[in-house]
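Participant:
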Amino acid sequence: MTEKTAESSRLKTITLKVNHKEYTVDVEPRMLLSDVLRDELRLTGTHVGCEHGVCGACTIMIDGRPVRSCLVFGVQADQANLLTVEGLESEDGELHPLQKGFWEKHGLQCGFCTPGMLMTACHLLEHNPHPSREEIREAISGNLCRCTGYQGIVDAVEYAAKEMRERAE
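Under the UniProt record's numbering, the residue at position 167 of the sequence shown is numbered 167, and the numbers go up by one with no gaps.
1. Within the segment 116–152, note down every full alpha helix (DSSP H) run reaching 4 residues or more, in order along the chain.
2. Comparing C-alpha positions only, which one of N128, C147 and E169 sits nearest to V157?
3. According to the Cβ coordinates, are E86 and L124 closer than 8 Å?
4. Kindly indicate which residue of S90, R133 and C145 has the alpha-carbon position closest to the one of G111.
5. How about M119 and I153: are their beta carbons less than 8 Å apart?
6. With a cut-off of 8 Å, does the C-beta of L95 fall near any C-beta of chain D?
7. Return yes when the Cβ of L41 is within less than 8 Å of the Cβ of I62, no when it is not.
8. Here's the rule: buried if 16 or more other CB atoms are within 10 angstroms of the residue's CB, otherwise exposed. What is C50?
9. Taking the beta strand (DSSP E) that C104 falls in, what are its first and last residues?
10. Can you name the residues that DSSP bridges to N19?
11. How should G149 be labelled, buried or exposed, when 16 other C-beta atoms within 10 angstroms of its C-beta is the threshold for buried?
12. For A121 and I140, what's the separation of their Cα atoms in angstroms?
13. Nearest by alpha-carbon distance to P66: which of T84, H52, H47 and L16 is it?
14. If we count Cβ pairs, one from each stretch, closer than 8 Å, do we get three or more for the segment 68–80 versus the segment 28–35?
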């Protein structure tokens, strides 16, 4: 067996629905989902920080639940519905209220933690449209930010919650 044949026999074909678009890709069974998103699908909004599931920068939604994509193998997400930070803006390019809130309320500085923070906050607001500041702090407590001191992030999530409620009225 040639090296090329051996390599291709190790690959697994998976199908992912990412941001409402279906992708079929061949991946090594040990390839992390974060790497599948970034390297195979070129969706680089998902950041990889610690690669141990501690920092939260790689948080995405899998079937409606926030998940650290650095802790999931790509093959484990086969047939799953994924939402990444690229999927937050509307089809016409309008920013999601959370993205707008992070901009307006200075919820980002270097921006490295931002994708994971946005996805975590998105899940919070989907399940709790009226979070208190303490509930926001609790929801984002698993995401590390080294720049902002979190105040701007909490303000941004509050801003987004209000805007989302007003849109729903």
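Glycine included, each C-beta is placed from N, C-alpha and C at the ideal position.
Facilitator: On the basis of the supplied data:
1. Within the segment 116–152, complete alpha helix (DSSP H) segments of at least 4 residues are found at 133–140, given in chain order.
2. As a position in the sequence shown, residue 157 is number 157, starting the count at 1. Of the candidates N128, C147 and E169, the one whose C-alpha sits nearest the C-alpha of V157 is N128.
3. As a first step, residue 86 is located in the sequence shown; it is residue number 86 there, counting from the start. As a first step, residue 124 is located in the sequence shown; it is residue number 124 there, counting from the start. Cβ distance not < 8 Å, so E86 and L124 don't count as in contact.
4. The sequence position of residue 111 within the sequence shown is 111, counting from 1. Minimum Cα distance to G111 is reached at C145.
5. To locate residue 119, count along the sequence shown from 1; it is residue 119. To locate residue 153, count along the sequence shown from 1; it is residue 153. Cβ distance not < 8 Å, so M119 and I153 don't count as in contact.
6. Of the chains in the structure shown, none is chain D; there is only one protein chain.
7. Along the sequence shown, one-based indexing puts residue 62 at 62. Along the sequence shown, one-based indexing puts residue 41 at 41. Cβ distance not < 8 Å, so I62 and L41 don't count as in contact.
8. Residue mapping note: residue 50 aligns to position 50 of the sequence shown, counting from 1. It counts as exposed.
9. Within the sequence shown, numbered from 1, the residue matching residue 104 stands at position 104. The displayed chain sequence assigns Glu, not Cys, to residue 104. Per DSSP, E104 belongs to no beta strand (DSSP E); it is in the alpha helix (DSSP H), P97 to E104.
10. Walking along the sequence shown from the start, residue 19 turns up at place 19. Assignment of beta-bridge partners to N19 by DSSP yields no partner.
11. Taking the sequence shown and counting its residues from 1, the one referred to as residue 149 is at position 149. With a 10 Å radius around the Cβ and a threshold of 16 neighbouring Cβ atoms, G149 comes out exposed.
12. As a first step, residue 121 must be located in the sequence shown, where it is residue number 121. As a first step, residue 140 must be located in the sequence shown, where it is residue number 140. If you take the alpha carbons of A121 and I140, they lie about 7 Å apart.
13. The residue you call residue 66 lines up with position 66 of the sequence shown. Nearest of T84, H52, H47 and L16 to P66, Cα basis: T84.
14. The segment 68–80 vs the segment 28–35: in contact.
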